[in-house]
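Taking my numbering, the leading residue of the sequence shown gets 1, the next gets one more, and so forth.
Every residue gets a Cβ at the ideal spot worked out from N, C-alpha and C, and that includes glycine.
Data block below; observations after.
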Amino acid sequence: MNTLQQLQLQRDGAVATVRLNRPEVRNAFHADTISELTEVFAALSQDDSLRAVVLASSGTAFCAGADLNWMRRMADYNRQQNIDDAGELARMLRTIFECPKPTVARVQGDVYAGGMGLVAACDMAVSLDSAGYCLSEVKLGLIPATISPYVIHAIGERAARRYFVTAERFSAERAQVLGLVHEVVAPEALRATVDGIVEQVLRNGPLAVKAIHRILDEAAAHWPSTRLGLHHRIGRLELGEVSIVIVGASPHRGDASNRAPTPDGAMRPPTRLGLRDQSTARRFHQSSTPP
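Encoded structure:
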């Protein structure tokens, strides 16, 4: 594993802690962060001595989503660049989601946009009671496409229909009701609560714990709302001035060869898109305020 610049990786016996380490930009991620997260989680997945992974962050925010400077560069990407960029971000989320070690997000601050995908891709999440949550993409004329399979998987389609289009900020307590996080705690209890969950995991049989991911995924494959497979499609949607490039997939773990597509052949949930909303793009270039 190469020297990490965007993350910190700590190991304590059978537990690894991966920490986003860009507090000066509220842990917003860009191409290098995505690459490092993918590399680290891929390596941890192959470590037989590891039993659990904690995803955490430095500073006051957990993750503000995509870095604004990176997004400004992306605004001028062509279709193929959008598709290539889509693959990297989708691969990062899928690598976290597919990690065979139980993953716990330790959320010490606000979670916006793409940060919601990081929380949703983890198996469990513990949140500070003062943390705020927001799917803020539409404020910039964007769509939370990359993270949508994971967020919808966590909070359900009905809630997604509201929060994807309103960009409302909601509380940690609401995130718990929706199913995005499992525990909401005071600051002094955050680390202890996460440690307690990890300790419970370590008491159990490692092979049984590893098999849980496969069992849950096989069960999900038979639920009508999640029987989607891993077949990728690339589509283009024209909405007036808005031109969208979509890379479609669902967040099922493992090989897709034994999974049936949706009976109606519907497009799979989008995992990345490039968006050209000219009016919004102009405003975005003139603003440095995060959504």
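Quiz prompt | Selection from D110, F164, H213 and V119 that minimises the alpha carbon distance to L140 | solution = F164
Exercise. To the nearest angstrom, report how far apart M71 and A28 are at their CA atoms.
Key: 11 angstroms
Quiz item: Within the chosen definition, does the stretch 202-216 reach the stretch 111-121 through at least 3 CB pairs nearer than 8 angstroms?
Solution: no
Quiz item: Near V15, which residues of its chain fall below 6 angstroms by C-beta distance, leaving aside the five closest residues on each side in sequence?
Solution: A52 and V198
Quiz item: Mind checking whether M116 and V138 have CB atoms under 8 angstroms apart?
Solution: no
Quiz item: So, is G240 buried or exposed, given that buried needs 16 or more other C-beta atoms within 10 angstroms?
Solution: Low confidence applies here, because G240 scores a pLDDT of 49, under 50, leaving its location unreliable and the question unanswered by this model.
Quiz prompt | N- and C-terminal bounds of the beta strand (DSSP E) containing Q10 | solution = L7 to D12
Exercise. Buried or exposed for P144, please, with buried defined as at least 16 other CB atoms from any protein chain shown within 10 angstroms of its CB.
Key: buried
Quiz item: For the alpha helix (DSSP H) that Y133 lies in, which residues bound it at each end?
Solution: No alpha helix (DSSP H) holds Y133; the beta strand (DSSP E) holding it covers G132 to C134.
Self-check item: Residue environment, A192, which counts as buried when at least 16 other CB atoms sit within 10 Å
Solution: exposed
Quiz item: Can you give the beta carbon distance from L44 to C99, rounded, assuming they're within the 8 angstroms contact cut?
Solution: 7 angstroms
Quiz prompt | Proximity below 8 angstroms, CB of E183 to CB of V126 | solution = yes
Quiz item: Based on Cα-Cα distance, which residue from A160, A131 and N82 lies nearest to A105?
Solution: A131
Quiz prompt | Three or more C-beta pairs below 8 angstroms linking the stretch 18-33 and the stretch 52-71 | solution = yes
Self-check item: Alpha-carbon to alpha-carbon, Y133 and Y77
Solution: 28 angstroms
Quiz prompt | Nearest neighbour of G153, chosen from M124, L142 and R26 [CA to CA] | solution = The residue you asked about is not Gly; residue 153 is His in the sequence shown. Ranking M124, L142 and R26 by Cα distance to H153 puts M124 first.
Quiz item: Out of curiosity, what's the CA-to-CA distance linking Q8 and A56?
Solution: 9 angstroms
Exercise. Name the two residues that bound the continuous beta strand (DSSP E) containing S57.
Key: A52 to S57
Practice problem: Spell out the partners DSSP gives V185 in its beta bridges. | Solution: L128
Quiz item: What three-state label does DSSP hand R191 in the structure shown?
Solution: helix
Quiz item: Does the beta-carbon distance from Q6 to T33 come in below 8 angstroms?
Solution: yes
Quiz item: For S171, which beta-bridge partners are listed by DSSP?
Solution: G132
Quiz item: G156: which of L93, F170, A120 and S136 sits nearest, CA to CA?
Solution: A120
Quiz item: What residues in its chain sit with their C-beta under 6 angstroms from that of T95, if we drop five residues either side in the sequence?
Solution: T38, F41 and A42
Practice problem: Could you tell me the boundaries of the beta strand (DSSP E) in which A16 lies? | Solution: V15 to L20
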